[in-house]
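If you read the sequence shown in UniProt numbering, its first letter stands for residue 1, the second for the next number, and so on. C-beta: ideal position from N, C-alpha, C; glycine also. Comments concern the structure below.
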Amino acid sequence: MSKTAMRITESDEAGNVLATYVPSPGGQDRLSRVDVIYPATTKSLWQRSLDVFLPAGYPHSVTDDYLEYQIYDSLQAFSSSIAGMLSSRAVLSSVGVGDSTASPTASLLLSVLQESAGRIATIFFAHRFGTALEPECKMYRLLADVLNDIAFILDVLSPVFPKPIRVVILSFSSVLRALCGVAAGSAKASLSAHFARWGNLGELNAKDSSQETVISLLGMLAGSVVVSWVTTPTATWTVLILLLSIHLETNRRAVRAVSMRTLNRQRATLMYRHIKQYRSPCTPQKIAQQEHIFERDGVLRGTNGQILAYCRVGISMSDLMSSMATKQNRSTKSAHLFSDILSTLLDLYKDEKYVLWSNTSSKPLQVSVVVKEGASTKDILVAWWQACMVAERVAEKPEDGLSIAKPENGVDERFTMLRQTKEQAVGMLRDHQDGLKKLGWDLDVNALQTTSSVRISIA
Numbered sequence: 001m002s003k004t005a006m007r008i009t010e011s012d013e014a015g016n017v018l019a020t021y022v023p024s025p026g027g028q029d030r031l032s033r034v035d036v037i038y039p040a041t042t043k044s045l046w047q048r049s050l051d052v053f054l055p056a057g058y059p060h061s062v063t064d065d066y067l068e069y070q071i072y073d074s075l076q077a078f079s080s081s082i083a084g085m086l087s088s089r090a091v092l093s094s095v096g097v098g099d100s101t102a103s104p105t106a107s108l109l110l111s112v113l114q115e116s117a118g119r120i121a122t123i124f125f126a127h128r129f130g131t132a133l134e135p136e137c138k139m140y141r142l143l144a145d146v147l148n149d150i151a152f153i154l155d156v157l158s159p160v161f162p163k164p165i166r167v168v169i170l171s172f173s174s175v176l177r178a179l180c181g182v183a184a185g186s187a188k189a190s191l192s193a194h195f196a197r198w199g200n201l202g203e204l205n206a207k208d209s210s211q212e213t214v215i216s217l218l219g220m221l222a223g224s225v226v227v228s229w230v231t232t233p234t235a236t237w238t239v240l241i242l243l244l245s246i247h248l249e250t251n252r253r254a255v256r257a258v259s260m261r262t263l264n265r266q267r268a269t270l271m272y273r274h275i276k277q278y279r280s281p282c283t284p285q286k287i288a289q290q291e292h293i294f295e296r297d298g299v300l301r302g303t304n305g306q307i308l309a310y311c312r313v314g315i316s317m318s319d320l321m322s323s324m325a326t327k328q329n330r331s332t333k334s335a336h337l338f339s340d341i342l343s344t345l346l347d348l349y350k351d352e353k354y355v356l357w358s359n360t361s362s363k364p365l366q367v368s369v370v371v372k373e374g375a376s377t378k379d380i381l382v383a384w385w386q387a388c389m390v391a392e393r394v395a396e397k398p399e400d401g402l403s404i405a406k407p408e409n410g411v412d413e414r415f416t417m418l419r420q421t422k423e424q425a426v427g428m429l430r431d432h433q434d435g436l437k438k439l440g441w442d443l444d445v446n447a448l449q450t451t452s453s454v455r456i457s458i459a
């Protein structure tokens, strides 16, 4: 009885066959031969060169939006490198290169001042906006290059001003460049985590560094030619504005190409409106087409884009009571409330992991959310969707958001509205949670809180 011939197939991470090994049965000398069969379609030299800069297993190891983002990101880095050389030439002129009266010590002290200002700004920026960098990574990725381009413009402007003003301008441009470094670095880390489908984050960052190195080298070579030919102020400004325009537009296209799978505040609002209109959730790609890169923090918009309200998530109890109070002591933070209003509100949300209140006395409407201990991302998403419902209800029927004073029939219309919208928000997530996950949405990452928040526990 003959044995079935054995075949050993060797593949890469993406499943592409690299070689097939076929052992042959041994002869009388008891030696067997192993034949190696290579696939007919082997990679060309160009494809093998690209593999040096692409993650292993591409395109299966990354998301579908990776390639488009990287193309535009490379183009913006190329134009930024050339603009940076024009900026560097202006800075060298400002610090005294070519000026026989310039002091090396003064130039050194100016460099120390620039570095110090930039590092101090980095600390404050990271403290103030650190928690918002990941949820709003697309916005901060583009904002970083806007700040960098402003720094380029200030550098080129600096030689025109007297030396005292020149020091201030160069220090401010150093601050902007430092802020760019923090925002761009954090945003890139979040985007890399989004692209890494196989958990290959480390390799993805390494390949991204390789791409940036090559683009920077090409940019410096092209920039060397540009700075040699562009010498007059008019030509310098013309080329600089052209390069910065290309830089910002390619950066905008790169960010627009990304379809994030987490629900931040803006995407959660867009998802709520889509579910309300079509009775079903939509894909991350469709939401990405609708979202704005720059959006006001905490804004709740209607179907026509009008601002209905602002929502604060993760505030303290003192801030909540301030929005509920008829009078508050600023020094002690003690608040005077209508009788039983706080206990009634807490009882309304006793089964939820958050407490929501709407302050209709402010224009536009202010919605406040206090988060309880143990709250998950889904709980905060429910709170955000309820805030959307409250904002729409008050906009459609202002009488539903009237003052908390109880009417004669003993029914508080404000609490009735809160109870109804809470039940609707809970039901919306319950009905569409599985659909959101099937479409690729990640409901385990909290992208709805952009500031450091507090948690409360009720005993």
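For residue i, the nearest candidate out of the options (CA to CA)
{"i": "V167", "options": "L109, I153, G181 and A144", "result": "L109"}
{"i": "D225", "options": "T344, Y310 and V239", "result": "According to the sequence shown, residue 225 is Val rather than Asp. Ranking T344, Y310 and V239 by Cα distance to V225 puts V239 first."}
{"i": "S316", "options": "V371, K363, S24 and A268", "result": "V371"}
{"i": "A183", "options": "D297, A222, D351 and T131", "result": "T131"}
{"i": "E295", "options": "P284, Y310, T63 and Q70", "result": "Y310"}
{"i": "E413", "options": "Q277, P55, R393 and S87", "result": "R393"}
{"i": "S111", "options": "T122, S94, H127 and I123", "result": "S94"}
{"i": "L443", "options": "K378, S88 and M428", "result": "K378"}
{"i": "S259", "options": "Q433, Y354 and M139", "result": "M139"}
{"i": "W237", "options": "S362, F152 and S457", "result": "F152"}
{"i": "T262", "options": "T9, K437 and N359", "result": "K437"}
{"i": "S107", "options": "K350, K163, A126 and S87", "result": "K163"}
Neighbourhood of residue i by C-beta distance below 7 Å, restricted to the same chain and skipping five residues each side
{"i": "G435", "result": "S280 and P281"}
{"i": "D297", "result": "T450"}
{"i": "C388", "result": "T269, Y272 and L300"}
{"i": "N264", "result": "P135, E136, A447 and L448"}
{"i": "P25", "result": "S32"}
Coil, strand or helix - residue i by DSSP
{"i": "V167", "result": "helix"}
{"i": "V36", "result": "strand"}
{"i": "R301", "result": "strand"}
{"i": "C311", "result": "strand"}
{"i": "R256", "result": "helix"}
{"i": "W357", "result": "strand"}
{"i": "I293", "result": "coil"}
{"i": "V230", "result": "coil"}
{"i": "L443", "result": "strand"}
{"i": "residue 485", "result": "Because residue 485 is not part of the residues shown, which for the chain are 1 to 459, the question remains open."}
{"i": "I8", "result": "strand"}
{"i": "G219", "result": "helix"}
{"i": "R261", "result": "coil"}
{"i": "R197", "result": "coil"}
{"i": "I153", "result": "helix"}
{"i": "L365", "result": "strand"}
Neighbour-count burial assignment, residue i, 16 or more Cβ in a 10 Å radius
{"i": "W384", "result": "buried"}
{"i": "S192", "result": "buried"}
{"i": "I120", "result": "exposed"}
{"i": "residue 465", "result": "With the chain covering only 1 through 459, there is no way to say anything about residue 465."}
{"i": "Q285", "result": "exposed"}
{"i": "D149", "result": "buried"}
{"i": "H194", "result": "buried"}
{"i": "S228", "result": "exposed"}
{"i": "W441", "result": "buried"}
{"i": "K363", "result": "exposed"}
{"i": "S245", "result": "exposed"}
{"i": "G202", "result": "exposed"}
{"i": "K397", "result": "exposed"}
{"i": "V255", "result": "buried"}
{"i": "I341", "result": "buried"}
Sequence-distant residues of the same chain with beta carbon closer than 6 Å to residue i, five excluded per side
{"i": "L308", "result": "L300, G302, A391 and A395"}
{"i": "S186", "result": "L133"}
{"i": "I37", "result": "T20"}
{"i": "L243", "result": "S79, I82 and A83"}
{"i": "G118", "result": "S174, V175 and A178"}
{"i": "A196", "result": "L204"}
{"i": "E373", "result": "R455 and S457"}
Residues near residue i in its chain [Cβ-Cβ closer than 8 Å; skip 5 each side]
{"i": "F53", "result": "K207, S210, Q211 and V214"}
{"i": "V91", "result": "D155, S158 and L170"}
{"i": "residue 493", "result": "Nothing in the structure corresponds to residue 493, since the chain is present only between 1 and 459."}
{"i": "Y354", "result": "V369, V370, V371, K372, A375, D379, I380, V382 and A383"}
beta-carbon residue i near the ligand ZN non-hydrogen atom, thresh 7 Å
{"i": "T213", "result": "Ligands are entirely absent from the displayed structure, and the ligand ZN is therefore not among its contents."}
Contact under 8 Å by Cβ, residue i with residue j
{"i": "I380", "j": "Q449", "result": "yes"}
{"i": "R252", "j": "I287", "result": "no"}
{"i": "F415", "j": "L348", "result": "yes"}
{"i": "V146", "j": "L248", "result": "yes"}
{"i": "S453", "j": "G305", "result": "no"}
{"i": "L346", "j": "L418", "result": "no"}
{"i": "T122", "j": "A189", "result": "no"}
{"i": "Y72", "j": "A235", "result": "no"}
{"i": "L75", "j": "T250", "result": "yes"}
{"i": "Q386", "j": "T360", "result": "no"}
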